[in-house]
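Numbered according to our numbering, the sequence shown terminates at residue 96, and the numbering increases by one at each position without gaps. Below: the structure, in structure tokens.
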Amino acid sequence: MAKLQGDDLEKALAKLPNWVRIEERDGIARRFKFSNFVQAFGFMSQVAILAEKHNHHPEWSNVYSEVDIFLTTHDEGGLSQKDIDLSLAIDRLL
3 MAKLQGDDLE
13 KALAKLPNWV
23 RIEERDGIAR
33 RFKFSNFVQA
43 FGFMSQVAIL
53 AEKHNHHPEW
63 SNVYSEVDIF
73 LTTHDEGGLS
83 QKDIDLSLAI
93 DRLL
């Protein structure tokens, strides 16, 4: 899958108002906040299943009730449709 650029990139990012563009790493990130660790971990388990289905895996971290997710397509050297599709699927979990 090719790296998104120009208008294609802008259109894709417009669909993701809660995600932040991290230009220096050519990716997108979002912080998810939950009321406790169990909810955060449950969310991570759901994202893990999505990642396997999409064959695209996030960089992420968890501290108590917060989950940080970063997406980029390393094989393409930046954002691709894989990142957009996975981020939209993650958003639908909420």
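Where is the CB? At the ideal position from N, CA and C, for every residue including glycine.
| message | Can you check which of these residues, 27, 91 and 9, is closest to residue 57 by C-alpha distance? | response | 91
| field | Exposure of residue 65, with buried meaning 16 or more beta-carbon neighbours within 10 Å | value | exposed
| task | Excluding the 5 residues preceding and the 5 following residue 30 in the sequence, name in chain order all residues of the same chain whose CB lies nearer than 8 angstroms to its CB. | result | 15, 18, 21, 22, 23, 24, 72, 73, 74, 81, 85 and 89
| query | Whose C-beta lies closer than 8 angstroms to the C-beta of residue 37 among residues of the same chain, with five residues either side of it excluded? | reply | 67
| Nearest-angstrom beta carbon gap, residue 4 and residue 78 [assumed within contact, 8 angstroms] | 6 angstroms
| task | Count the other C-beta atoms from every protein chain shown that fall within 10 angstroms of the C-beta of residue 39, then say buried if there are 16 or more, exposed otherwise. | result | exposed
| query | Alpha carbon to alpha carbon, how far is residue 46 from residue 87? | reply | 17 angstroms
| field | Reference residue 28, options 13, 95 and 6, closest by Cα | value | 6
| said: Can you give me the C-alpha to C-alpha distance between residue 26 and residue 44, rounded to a whole angstrom? | reply: 30 angstroms
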